[in-house]
Every structure is written in structure tokens, then in C-alpha cells.
Amino acid sequence: MKIWMLDFIKKYGSISVFLLSCWPNVMFDLCGICCGHFLMPFQNFFIPLVLGKAIVKTIIQSFFLIFVFSNNYKELQLKIIQKCLSILPLHLFSENLSDESFLESYIDEKISILKHGKKSSSKLNFMFLFNIFFCVLLIVFFISCINQIAQKYQKNVDEEELEGLLKSKNEMTPRKIKK
21 MKIWMLDFIK KYGSISVFLL SCWPNVMFDL CGICCGHFLM PFQNFFIPLV LGKAIVKTII
81 QSFFLIFVFS NNYKELQLKI IQKCLSILPL HLFSENLSDE SFLESYIDEK ISILKHGKKS
141 SSKLNFMFLF NIFFCVLLIV FFISCINQIA QKYQKNVDEE ELEGLLKSKN EMTPRKIKK
């Protein structure tokens, strides 16, 4: 994937940044790293970034969310889900999946939960645990950043001190006179 991305960015430049910025963030993070590797000028990077993220990706996401949460497209959603379920061998696990009324009630229930929210009956639900895990990851990241900055600062201080010691040692040692 990395080699493909490097070749793609090297060959197409700003067009590749535009296309990859329309894609989910993981692809674009790698794209940004590659553009930095090739020392791409800021305007060649930023303009396609804004066009891809702010215009194309936003419009696609808006249409998708309107389609998912609008009651006007419920029949089309059911047809798409039934088509997907007919391809997948899920009918082996549940016979209700092919029933249209079951799918409709299931979708209505999920849309209601997403629109109005529903408190979980358990005290520790999955999202709470995920949020704690994510917060711990952020804290570890910040601590490692601070640690890295402190190590770099200490390295600079040590190098300056070492240079000072070497200079003072060179000044103290007598020089041999050439004849």
C-alpha cells in the first residue's frame, strides 16, 4: 500500500491529493506523510485538500446520512438490505432476515434509537469502555510526546556541555611545536 501511494503521489501530484482526500482519513494520513516526504509545496497540497475534504467528501457524507436517516427512503433501504442479505449466506443463521416486516421493524427500532437516544440498561456499556480506552490512549500519547520533548531537550543540553568540556580540554593540553 505504501509503495502504491508513493508512486501514485509522485506520478499525479495534486490530483492524487484531491482523490485521496475524498477517501476516509486513514488513507489521507498516509497521503499527507508521503506529500511531506516529497516536499510538495503547500499550495499544491492545501488547495486539493480543501476541495476534496470540504466539498466532495462532505457532500457524499451528507447524501449518505440523509439517505440513512430519512423516512422517505425506507422502501429503498429495505430493498438494498434484502438484496445484500440474499447474497450473503446469513439466512442459515436466522430465518427472520428474509422477512420484510422483520427488517422494517428492525430498521425502525435502530433509527429511533439513533434519533432519540436510548439509555443502556447495563451500567458499563461498550461505548463507555471504549471511551475510557480512548482516553487512556490519548493520555499515553501526550505523556510520550512530553517525554520525547524532554529527551530531545536533555540531549541538546548534554551535547552543549560535552562541547564545552572538549573545548576546555583542548585548551588545557599543550600543543607540540613542529620543528
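Heads up: the sequence shown begins at 21 in my numbering, then just goes up one per residue. Note that the Cβ used here is the ideal one computed from N, Cα and C, for glycine as well. If you're wondering where the values come from, they're calculated on a predicted model, not measured in any experiment.
Any idea if residue i is buried or exposed, counting beta-carbon neighbours within 10 angstroms, 16 or more meaning buried?
i      : result
Pro61  : exposed
Leu69  : buried
Cys165 : exposed
Gly184 : exposed
Cys54  : buried
Ser82  : exposed
Phe48  : buried
Gly137 : exposed
Phe38  : buried
Leu158 : exposed
Ser34  : buried
Ile133 : exposed
Ile80  : exposed
Ile163 : exposed
May I ask you to report which of helix, strand or coil DSSP gives residue i?
i     : result
Leu26 : helix
Met60 : coil
Gly9  : There is no way to answer for residue 9, as the model of the chain reaches only from 21 to 199.
Cys42 : coil
Give the C-beta separation of residue i and residue j to the nearest angstrom, bearing in mind that I take them to be a contact with Cβ-Cβ under 8 Å.
i     : j     : result
Met25 : Leu59 : Met25 to Leu59, Cβ: 16 Å. No contact.
Gly72 : Ser36 : Their Cβ separation, rounded to whole angstroms, is 10 Å, which puts Gly72 and Ser36 out of contact at 8 Å.
Phe84 : Tyr93 : Between Tyr93 and Phe84 the Cβ distance is about 11 Å, and since that is not below 8 Å, they are no contact.
Inset, instruction - Report the residue ranges of all alpha helix (DSSP H) runs contained in full by the region 65 to 136; include only those spanning at least 4 residues, in chain order. - result: 78 to 89, 94 to 107, 120 to 136
Inset, instruction - Would you mind listing the alpha helix (DSSP H) stretches within the region 162 to 191 that are 4+ residues and don't spill past its ends, in chain order? - result: none
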